[in-house]
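Beneath this line is the structure, given in structure tokens, with notes to follow.
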Amino acid sequence: MTETTGVHTRAELPLPDAPTIVDLFEDQVAEGPGRIAVVAGARTLTYGELNQAAEAVAARLRAAGIGRGDLVALYADRSADMPAGLLGVLKAGAAYLPLDPGYPEARIAMVLGDSGARAVLTLSHLRDSLPPFTGPVFALDEPTPAPQIPKYPLKRGDRAYVLYTSGSTGKPKGVVVPHGALLNFLWSMRDILAADSGDVWLALTSLSFDISGLELYLPLITGGRMVVADAETARDGGRLRELITRQGVTHVQATPSGWRVLLDAGFAASVTGLVGGEALPVALARSLADRCARLVNVYGPTETTIWSTSWEVPRGTAAVSIGTPIGNTQVHVVDEQLNPAEEGELLIGGLGVADGYLGRPSLTAE
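Anchor point for the sequence shown: position 190 equals 459 in this note's numbering, and the numbering is continuous, going up by one each time.
This is how it looks when you write it as structure tokens:
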């Protein structure tokens, strides 16, 4: 349960014997290894198969000397191999750096060089398009045997991923997010959405956009199912609508512009919808609230681990709010002197705050 007091919230995290999302995923594997975890086109992976594939990735990385504190780039499009790659990096004790193959080559090269990544995970058809890289490159769809190396005991303070900002306010910066912050976010959203094993999530968002973490991990730590939309389907409202219907999707997360694509294609499914990443216009909020079984407006910058606040949108709303903080989060509106104010700058604190900017201590301190 989450207790809300003004702009502060407190929520219980999982007990210390389940300190990270990897442990919670492995709990689901043990509980039902034959359940479907991932659907991607014609391919499906059970929880047991996904775990086996992730273990193979982790073994290859550990055999290459990659482990705690290291960064592994994932240069892959959305497929059944993508979640295995993510989990494999985490199981190795490392953190992942998402690189979207659809991004400009110059940005990919800059991020890869600036990050100091130790290795790259990719797919065989993308290998030739990867910018020059001197470290090892592993193809997820070309598995090779690797020796079994003891599992690394993850801790909440270990970094889980590094995600680069868009660079709209200057040079893109790598935001370092620890396991504890990611777990707090997911556990809070689990409570807010009453997530359980019956949920079917549409994995729609680019891996280089932090909100993808909700679509990828929440179903896997609650026993649900992830339906991966490939890049072509993600751009086509009609194909997305058909995929949602065919796979019985129950949860869809998108930006306002993404939702408009679906609405223009005649979307009217009774799903739990989440909308964030951009300001939500009142007219769109009303339209979506009429079509969705439940609609939640969410807000948060990359530096505070995906979403920091949420608000359930009522039908016929006359205004839109970003709502109240998620679990273990504090939100304050202050003026230029940092005094409480009705209007001003929004300050966010709590367990979701990232560790800082990669390799930029002065900017982190600022």
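The C-beta atom is built at its ideal place from N, Cα and C for all residues, glycine as well.
- Take residue 415, set aside five residues on each side of it, and the residues of its chain with a beta-carbon closer than 8 Å to its own are 325, 328, 329, 331, 332, in chain order.
- For the options 370, 399, 443, 345, the alpha carbon positioned closest to that of residue 410 is the one of 345.
- By the CB criterion at 9 Å, residue 319 and residue 489 fall inside the cutoff.
- Straight-line spacing of the CA atoms in residue 555 and residue 624 works out to 37 Å.
- Taking C-beta separations shorter than 6 Å and ignoring five residues to either side along the sequence, the partners of residue 563 in its chain run 541, following chain order.
- Sequence-distant partners of residue 518 (beyond 5 residues in either direction) whose C-beta falls short of 8 Å from its own C-beta, in its chain, are 469, 470, 471, 496, 512, 538, 540.
- At least 9 Å separates the beta-carbon of residue 425 from that of residue 364.
- Residues 363, 387 of the same chain have their beta carbon placed closer than 7 Å to that of residue 339, with the five preceding and five following residues left out of the count.
- For residue 372, the three-state secondary structure derived from DSSP is coil.
- If the five residues before and after residue 477 are omitted, its C-beta is found closer than 6 Å to the C-beta atoms of 367, 369, all from its own chain and listed in chain order.
- Its chain contains 530, 531, 533, 534 as the residues whose beta carbon lies nearer than 6 Å to that of residue 506, once the 5 sequence neighbours on both sides are disregarded; these appear in chain order.
- The continuous beta strand (DSSP E) containing residue 579 extends over residues 578-581.
- Between residue 357 and residue 322, the C-beta spacing is below 9 Å.
- In the three-state reduction of the DSSP assignment, residue 487 falls in the helix class, which pools H, G and I.
- The count of Cβ pairs closer than 8 Å, one atom from the region 566-576 and one from the region 616-630, reaches three, so the stretches are in contact.
- Look at the region 488-519 and you find these whole runs of beta strand (DSSP E), each 3 residues long or longer: 494-497.
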